[in-house]
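To start, the structure itself, in structure tokens.
2 protein chains.
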Amino acid sequence: MSNILTIRPLTPENFAPFGEVLDTDGAELRMINEGTTERFHGLAHTEIDAAGIAIVSLFRGQPRHFPYRVDMMERHPLGSQAFYPLAERPWLLIAAEDNDGRPGDPQAFLAHGRQGVNYRANVWHHPLMALNEVSEFLVVDREGEGTNLEEQSYPDPYFIEAADWT
Amino acid sequence: MSNILTIRPLTPENFAPFGEVLDTDGAELRMINEGTTERFHGLAHTEIDAAGIAIVSLFRGQPRHFPYRVDMMERHPLGSQAFYPLAERPWLLIAAEDNDGRPGDPQAFLAHGRQGVNYRANVWHHPLMALNEVSEFLVVDREGEGTNLEEQSYPDPYFIEAADWT
């Protein structure tokens, strides 16, 4: 099947077209609070339109089953959306470039358990994909007036094969 | 000693003068992503002035030693600051009402390991107080131009006695 997605380990470089990787590894480190706290500064920078504010929510995601059929994507035109895992377990994410208002070919990434991402505003992505177990994420996105969700289906779906995600 | 602080378990009610408690317990629950994800919506609402943006950072705090001397507080006039623990361990926090530009009597709270807080802009609070072990927190606060840190000392310090924090 030609529509099987390749999974790449998530890095700031390969995710750059879509947003930021939240990772202490490589982050700017500031010592604060009289040396009692290490601040890994600015792992994510929110983009929120003037009508909205950034809010913090908690997502609890069911694990996905494989082979997994990727048949839709979504985007949030008015604000970025950041995810950070609360359990140190790997998780999957899928993003795509825009192609005349529709998502282009999906690009799949495997994040390790201490990596989050921040999708920039209006970046096509797949809904949260937890692996193996019910998994919680802290999420920073937008609340406010206006339509901040767009969804599109792929006419020909893509697939992710079963794998050992541990 | 009259300056020994009483520690109260953190609740949305007793923390209300200072900000929000981030807790799935009691939060608004929305089912999203075709029923695969529970969204505990809007646990924290950022307050960021027009010159700034909300950013996500990670704080790694050294555990505090007891008896602990509370001799200073800080506040961030231009933005709220939210903390959520990445390990499910209890942590301590201290906030105070404003008293003519200085912090009033400190109020100490014990948060359990699935509780965060969001200090509203300009609320006096003590720097991060981890307990027992080095502990990480996801932090959502402000980045931007302007002076967003004010510190004040207490002329007569307060104390927190040693306790079993587990």
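Just so you know, the sequences run in chain order A and B. Once you know that position 85 of the first sequence is 576 in the working numbering, the rest is easy, because the numbers rise by one and skip nothing. Once you know that position 143 of the second sequence is 634 in the working numbering, the rest is easy, because the numbers rise by one and skip nothing. Where is the CB? At the ideal position from N, CA and C, for every residue including glycine.
Which value, in whole angstroms, describes the spacing of the CA atoms of residue i and residue j?
i                      : j                      : result
residue 650 of chain A : residue 522 of chain B : 25 Å
residue 644 of chain A : residue 562 of chain A : 6 Å
residue 638 of chain B : residue 543 of chain B : 11 Å
residue 584 of chain A : residue 621 of chain A : 9 Å
residue 547 of chain A : residue 494 of chain B : 35 Å
residue 647 of chain A : residue 505 of chain B : 54 Å
residue 498 of chain B : residue 632 of chain B : 26 Å
residue 598 of chain B : residue 591 of chain B : 17 Å
residue 570 of chain B : residue 630 of chain B : 12 Å
residue 526 of chain A : residue 524 of chain B : 42 Å
residue 611 of chain A : residue 539 of chain A : 10 Å
residue 579 of chain A : residue 652 of chain B : 33 Å
residue 640 of chain B : residue 634 of chain A : 26 Å
residue 656 of chain A : residue 541 of chain B : 43 Å
residue 636 of chain A : residue 602 of chain B : 33 Å
residue 572 of chain B : residue 572 of chain A : 18 Å
residue 654 of chain A : residue 552 of chain B : 36 Å
residue 589 of chain A : residue 589 of chain B : 49 Å
Figure out for me which residue from the options has the closest Cα to the Cα of residue i.
i                      : options                       : result
residue 604 of chain B : B:623, B:532, B:639 and B:510 : B:623
residue 496 of chain A : A:557, A:520 and A:535        : A:557
residue 514 of chain A : A:541, A:618, A:569 and A:534 : A:534
residue 568 of chain B : B:655, B:654 and B:537        : B:537
residue 617 of chain A : A:559, A:541, A:516 and A:517 : A:559
residue 587 of chain B : B:564, B:630, B:532 and B:531 : B:564
residue 508 of chain B : B:629, B:632, B:625 and B:615 : B:615
residue 516 of chain B : B:525, B:503, B:527 and B:524 : B:503
residue 593 of chain A : A:541, A:566 and A:655        : A:566
Residue i and residue j look like a contact to me (Cβ under 8 Å); what is the Cβ gap, rounded to whole Å?
i                      : j                      : result
residue 550 of chain B : residue 642 of chain B : Incorrect: roughly 17 Å between the Cβ atoms, too far for contact.
residue 600 of chain A : residue 501 of chain A : 4 Å
Indicate the three-state DSSP secondary structure (helix, strand or coil) for residue i in the structure shown.
i                      : result
residue 525 of chain A : helix
residue 511 of chain A : strand
residue 557 of chain A : coil
residue 500 of chain B : strand
residue 609 of chain A : strand
residue 494 of chain A : coil
residue 590 of chain A : strand
Is the distance from the Cβ of residue i to the Cβ of residue j below 8 Å?
i                      : j                      : result
residue 663 of chain B : residue 518 of chain B : As shown, chain B starts at 492 and ends at 657. That puts residue 663 of chain B outside it, with no answer to give.
residue 609 of chain B : residue 511 of chain B : yes
residue 625 of chain A : residue 554 of chain A : yes
residue 576 of chain B : residue 595 of chain B : no
residue 520 of chain B : residue 528 of chain A : no
Applying a beta-carbon distance threshold of less than 7 Å, which residues of chain C neighbour residue i?
i                      : result
residue 532 of chain B : Among the protein chains in the structure shown, which are A and B, there is no chain C.
Looking at the ligand SAH, does it come within less than 7 Å of residue i, judged from the CB to the closest heavy atom?
i                      : result
residue 637 of chain B : Annotation note on the ligand SAH: not contained in the displayed structure, which lists no ligands.
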